[in-house]
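Notes follow once the structure below has been shown.
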Amino acid sequence: MANTSKEYLSKEKCDELTKELEFLTRVKRKEIAEALEAAKALGDISENAEYHSAREAQADVEDRIRVLDEMLKNVVIVGGKHKTDTVGIGSVVTVKRGSDTKTYTIVGSEEADIAKGKLSNKSPLGDAMMGKGKGDQFTCSSPSGDSACEILDIK
0 MANTSKEYLS KEKCDELTKE LEFLTRVKRK EIAEALEAAK ALGDISENAE
50 YHSAREAQAD VEDRIRVLDE MLKNVVIVGG KHKTDTVGIG SVVTVKRGSD
100 TKTYTIVGSE EADIAKGKLS NKSPLGDAMM GKGKGDQFTC SSPSGDSACE
150 ILDIK
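Using numbering that gives the first Met the number 0, the letters of the sequence shown correspond one by one to residues 0 to 154.
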C-alpha cells in the first residue's frame, strides 16, 4: 500500500533528494549491475561473497529509490512567506518547555536535525505546537513524560 502522506521539504532539500534519486537510478544501479555480472563470472554464486554483497547493495539501493520516489511524489515545497499567527511548517518558534526556552524551525521529518534547531512537525513537540498561536499553553507528551509548554514567539 502506497504512502500518501504529504512530505514537507524546503526547495533545497527537495533538489538534494532529486539529485540523489537521479544518481541512484542512473549511476549506482549500473555500477551494481556491473558488480553482479563480474561476481557471476567468478563461478558458483551459492558461496560467492562478492555476488551476495552486490545483491545486498542492490536491495539497499532499490529500497532507497522506492523511498525517495514515494517521498518526491508527495512533496510539498515550503519556504518563503508563511503565516506567523500560528505554528506551521517553516515557522521559527520560541517555546518554553518546563524551565527551558529554545527556538526551533519547524520542518518536515526528512529535514529534522535537532542539533541545528530543526524540529520535525511529526515529533511529539513539533506535532503538539502545530496550529498553536503565540501565548498558547499546551502539554507535550514524550517518552520522558509530559511537560508544560508555552509558545513565546512565532516568526
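Cβ atoms here follow ideal geometry from the backbone N, Cα and C, with glycine treated the same way.
Give the straight-line distance between the Cα atoms of residue i and residue j, rounded to the nearest whole angstrom.
i, j, result
"Val94", "Lys82", "17 Å"
"Lys101", "Ser143", "18 Å"
"Glu19", "Asp59", "14 Å"
"Ser45", "Glu61", "22 Å"
"Glu6", "Ala40", "43 Å"
"Asp68", "Glu109", "13 Å"
"Gly78", "Tyr50", "45 Å"
"Arg54", "Ser141", "39 Å"
"Cys139", "Thr24", "41 Å"
Going by DSSP, name the residue or residues bridged to residue i.
i, result
"Glu149", "Lys95 and Gln136"
"Leu118", "Ile105"
"Asp84", "According to DSSP, which records beta bridges pairwise, Asp84 is partnered with nothing at all."
"Thr100", "Lys95"
Would DSSP call residue i helix, strand or coil?
i, result
"Leu8", "strand"
"Ile35", "Before going on, a small fix: residue 35 reads as Leu here, not Ile. It is helical."
"Gly144", "strand"
"Ile44", "coil"
Please determine, among the options, the residue with the shortest C-alpha to C-alpha distance to residue i.
i, options, result
"Ile153", "Phe137, Ala48 and Gly130", "Gly130"
"Ile150", "Ser141, Gly125 and Ala48", "Gly125"
"Arg96", "Met128, Leu23, Ile76 and Ser9", "Met128"
"Asp145", "Val74, Pro123 and Ala32", "Pro123"
Closer than 6 Å by C-beta to residue i: which residues in its own chain qualify, once you throw out the five before and the five after it? Chain order, please.
i, result
"Met0", "Confidence in Met0 is poor, its pLDDT being 45 and thus under 50, which makes the residue's placement too unreliable to answer from."
"Thr85", "Gly130 and Gly132"
"Tyr103", "Val92, Gly116 and Leu118"
Compare the C-beta of residue i against all C-beta atoms of chain D and say whether one is closer than 9 Å.
i, result
"Ser119", "Among the chains in the structure shown there is no chain D, since it carries only a single protein chain."
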